[in-house]
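Below is one structure, written out as structure tokens; the observations come after it.
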Amino acid sequence: MKAKSRLLSAPYTVWMTIFIVLPMLLVAWFAFTDRAGHFTLENILSVGQYSNVFLRSIWLGAVATFISLVMGYPLAYIISKMSAKRQSVMVMLVMLPMWMNFLLRTYAWMTLLEDNGLINAALRALGFNGIHMINTAGAVVLGMVYNYIPYMILPLYSVLTKIDQSVIEAAEDLGANSRQVFFKVVVPMSMPGIISGVTMVFVPAVSTFIISKMLGGGANLLIGDLIDMQFLGSAYNPNLGSAISLVLMVIILICMGIMNQFDDGEPGEGGVLL
Amino acid sequence: MKKTGGRIYTFLVFLFLYAPILVLIVFSFNDTETASRTVWSGFSFKWYQKLFEDRLILEALRNTLLIAVIAAAASTVLGTVAAVGINSMKRLPQRILMNITNFPMVNPEIVTGVSMMLLFVFAVGLFGGRSLGMGSIIAAHITFCLPYVILSVLPKLRQMDPNLYEAAQDLGCPPVKAFFKVVLPEIMPGVVTGMIMAFTLSIDDFVISYFTSGTTQTLPIYIYSMTRKRVSPEINALSTVLFAVVMALLIVVNVRQGRGRRPAKEEG
Amino acid sequence: MNNTILSLQNIAVSYGGEQVLGGFHLDIQDGEFVTLLGPSGCGKTTVLRTIGGFIQPDAGDVFFYGKNITALPPHKREVNTIFQKYALFPHLNVYDNIAFGMRIKGKNEREIKATVHEMLSMVNLTGYAHRGISQLSGGQQQRVAIARALANEPKVLLLDEPLGALDLKLRKDMQVELKKIQQQTGITFVFVTHDQEEALSMSDTVVVMDGGDIQQIGTPTDIYNEPKNAFVADFIGESNILDGLMLEDYSVRFAGHTFQCLDKGFGKNTPVDVVIRPEDIDVVQADSTHITGEVTAVTFKGVHYEIIVDVAGFKWMIQSTDFRAVGDRIGLSLTPDDIHVMAKSEYSGRFGDYSTFSDEMDEDMQAAGEEEGKADEG
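Here the protein sequences line up with chains A, B and C, keeping their order.
The first sequence: position 247 = 1047 (this note's numbering), numbered continuously.
The second sequence: position 125 = 127 (this note's numbering), numbered continuously.
The third sequence: position 66 = 294 (this note's numbering), numbered continuously.
In structure tokens, the structure reads:
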């Protein structure tokens, strides 16, 4: 009987082979061939000339991830201490903005940050000079934090709320004051949440191309923009685009590998949210 | 002391999360002739009127809904059936298949997008025909929705008493009928959650559609082009409408989950 | 009196408007093994958590060596707790769990290492230092919890039903081991349980609680042999509890006859409760004694038979090594030593005879007892 029901996953296996595995193999193939289809390392090697774009992406993504963590952790902690009923309302409120289209959320910041935008209008009304905010690296980071911070808060919250109260009491019992309880017990125990939060913010932040386009102007080109340009943009070159994609994947894999070094607990705790 | 500090902090974070959306909504009612997005010149519904007269938007909306309905239905059926299969698989093949399932969820969206674009272009090169359009978007959407369906159905299957299915057969129920009579009702909450997630993800998707759509317009793609060229409060009106719809949908989902206790979503 | 280590005075605690403790008094002597014993919701865990500092009483004071520590937070009390589900830190291994408290205190690592290894050998876990918590069995986790608490050199160790999650055999072993550790270290143990057997076999002093009040404090033998009221008699061991009339000192009338007894001081013609333990009753020929009845049920228990005898409508329980068949008429013989007289209390009449007795009920009681931990925690 079991053998028969195992066959039920066959259509899915075929589907995923065609639409996930095969495309990835194509990316690899394109990355290592030229337009005529001959093997070449040129694409991969020429990725090197975009190292400044890669560094900028990783740097901005890392900064955004760090800000999300520092901003999101206290909120997740505060929510986890609330009554069960308020917790679910708060979680809803954290998730709600995510259900608004990503482009519209980013567009909203455009209207706020523009030179003639609301923030500058307000500053001027108060008698200050306006600040140039749009099309800067700061605006890009802001957009990343704004769009992805819920992905940080939710896994943190789900780990924090699972921490057994008696473990915290045990730490107090053994002489730890509230600071020590927090740093020696709560933070280490929420490590799986921190890791999945960091991954879930860093990966989309590092590979975005919309945020940089809308808030960063032309000056803050990211890896995503580079890939976009090779496939749908002016610089049409899918071979180079594939090579860049491949390098991006490898970079993310390495980053995740480093992150997982911090997680010596059991896998699967906290888990990936969404 | 500590408590008020916490409250102020919570308020500030939520202000950060909601202020832009609020501004967007407020300015959708702005009665302005110019494209100015920051000067308030009176209350008006005119951008909503314009929105509903905009042929392109309506067509994009129709495409988006059509794609979402088909992608959600197909991925729910395919994913549920697959979950049943995966659940009874041996350890090793199960792990391999689950890794493939998780892959598109951790892989950068843009890479998934361009890889599928390569696939479709490549397929056209081999077999001919039209490459990018409704067909390719739908296939792409089914693909990225499938993992979410599987990850919401699988926990329900694991929770289920394996003897249930056997008991039904023991009582004379043929296997297929036993599935529909006993297994499906048990995992229904997961199936429904998966379907709703697939639907909303599909409606919301931009990156993958962007690379696989060709010239077909979906709502997110249209929004993207609006933000690129002309800036019009029509976008604000559109955002407000979408936000209201999403709110309504969320409330429905939450009422459902309230009844089904733990949301399967968190296990995903 | 002068070596009282802990003293609870006039403690009142309520949860959500419901009073759990009110005007509660308890003195605990240095070096004692004290057990708080009682059914679900009797307030025993609340007492423990009040001592640990996890509950702030609404009223009353907690004294530690005569010093008022009521307002002291848990981390400043020289008291450590073994939690019901151990509450080991899952992110730390065995060694780091045990070292936790000492590191908080800032001891040097050499000293810590020595203590950890000493503790590990005390709880028979030498060689487990670098295991992860999730790799340990329930019994091993239990031992780590004990080692972790003892490494902090507490003056008092609080144990909240620590053996509840273990299976029967392991529980028996741990009982012996805990008692040994207590005697070795001389630390005062305050132990909470709903298992009367556990309480009797381990403690120096048993505190029987019900409804937030202490019903009786005494040594295990006192509690068993001289229960103060029907509740204690029923909760500890099996008892036949009969209505009686104390005619005068050393003479009590029950079951239609007058018996000699060893009790005095109740006054003349005072209604009392009479307790007779099933194992004290001798089975004799019918009509050779005052009490005669018909056997209605017999259960083989291994060591003895449990025989239910209907004597003029009151069902007695007797434990006897001799088999009697259902339907036999037998006589019950009592010596003055077997009869224990108690003053009437609010519990009188609540515990009747064994007419509804069955094994199932016993199991129900146990299940209720196991649930109590959670209810008590609340």
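Glycine included, C-beta positions come from ideal geometry on N, C-alpha and C.
A quick note: this is a predicted structure, and the numbers were derived from the prediction, not measured.
Not flagged as an interface residue toward chain A: residue 237 of chain C, since no C-beta distance is shorter than 9 Å. Residues of the stretch 950–970 of chain A with a C-beta atom less than 7 Å from some C-beta of chain C are 964, 966, 967, 969, 970, listed in chain order. The beta carbon of residue 410 of chain C sits closer than 6 Å to those of 261, 417, all from its chain and outside the five residues before and after it, given in chain order. Here residue 877 of chain A carries a helix assignment [DSSP, helix/strand/coil]. Residue 264 of chain C is outside the set of residues whose beta carbon lies under 9 Å from a beta carbon in chain A.
For residue 305 of chain C, the nearest beta carbon of chain A is closer than 9 Å to its own beta carbon.
Close CB contacts of residue 826 of chain A within its chain, under the 7 Å cut and outside five residues either way in sequence, are absent. The DSSP-derived three-state label of residue 838 of chain A is coil. As the crow flies, the alpha-carbon of residue 582 of chain C is around 28 Å from that of residue 263 of chain C.
Under a criterion of Cβ atoms nearer than 9 Å, the residues of chain A adjacent to residue 380 of chain C are, in order, 973, 974, 975. Shown here for residue 512 of chain C: same chain residues with a beta carbon closer than 8 Å to its own, the five before and five after excluded, namely 558, 559, 560, 561 in chain order. Runs of beta strand (DSSP E) with 3 or more residues, each lying fully within the stretch 478–511 of chain C, are found at 479–482, 485–488, 498–504, listed in chain order. In this structure, DSSP gives residue 565 of chain C a helical state, which the three-state scheme calls helix.
Nothing from the stretch 46–62 of chain B brings a Cβ to less than 8 Å from some Cβ of chain A.
Per DSSP, residue 253 of chain C is one residue of the beta strand (DSSP E) stretching across 246–257. In summary, the residues of the stretch 74–93 of chain B whose CB is separated from some CB of chain A by less than 9 Å are 80, 81, 83, 84, 85, 86, 87, 88, 89, 90, 91, 92, in the order they occur in the chain.
Sequence-distant partners of residue 85 of chain B (beyond 5 residues in either direction) whose C-beta falls short of 7 Å from its own C-beta, in its chain, are 152, 155, 156, 159.
With respect to the C-alpha of residue 88 of chain B, the residue from B/76, B/102, B/75 having the closest C-alpha is B/102. Around residue 1031 of chain A, the beta-carbon contacts reaching into chain B at under 7 Å are 116, 119, 213.
For residue 379 of chain C, the closest alpha carbon among the candidates C/480, C/420, C/307 is that of C/307. Counting only residues of its own chain and dropping the five nearest sequence neighbours on each side, residue 276 of chain C has a CB closer than 6 Å to the CB of 386, 388, 420. 9 Å or more divides the Cβ of residue 364 of chain C from the Cβ of residue 351 of chain C.
Listed in chain order, the beta strand (DSSP E) runs fully inside the stretch 410–458 of chain C are 416–421, 433–438, 441–446, counting runs of at least 3 residues. For the pair residue 436 of chain C and residue 455 of chain C, the Cα-to-Cα distance works out to about 10 Å. Spanning the alpha carbons of residue 360 of chain C and residue 317 of chain C requires a straight line of approximately 10 Å.
Excluding sequence positions up to five before and after residue 514 of chain C, its CB lies within less than 6 Å of the CB of 520, 557, 558, 559, all in the same chain and listed in chain order. In this structure, DSSP gives residue 327 of chain C a helical state, which the three-state scheme calls helix. A distance below 7 Å between beta-carbons, with the five flanking residues on each side excluded, links residue 302 of chain C to the following residues of its chain, in chain order: 280, 281, 282. A direct Cα-to-Cα measurement between residue 268 of chain C and residue 565 of chain C gives close to 33 Å.
Residue range 1038–1061 is occupied by the alpha helix (DSSP H) that includes residue 1045 of chain A. The stretch 896–914 of chain A and the stretch 19–28 of chain B touch, with no fewer than 3 CB-CB distances between them shorter than 8 Å. Measuring C-alpha to C-alpha distances from residue 850 of chain A to each of A/1055, A/1041, A/878, A/894 identifies A/1041 as the nearest. In the DSSP secondary-structure assignment, residue 557 of chain C is bridged to C/522. Bridge partners of residue 235 of chain C according to DSSP: C/255, C/291. Interface criterion met: the Cβ of residue 142 of chain B is under 9 Å from a Cβ in chain A. Against chain C, the CB of residue 894 of chain A has no partner CB under 9 Å away; the residue lies outside that interface.
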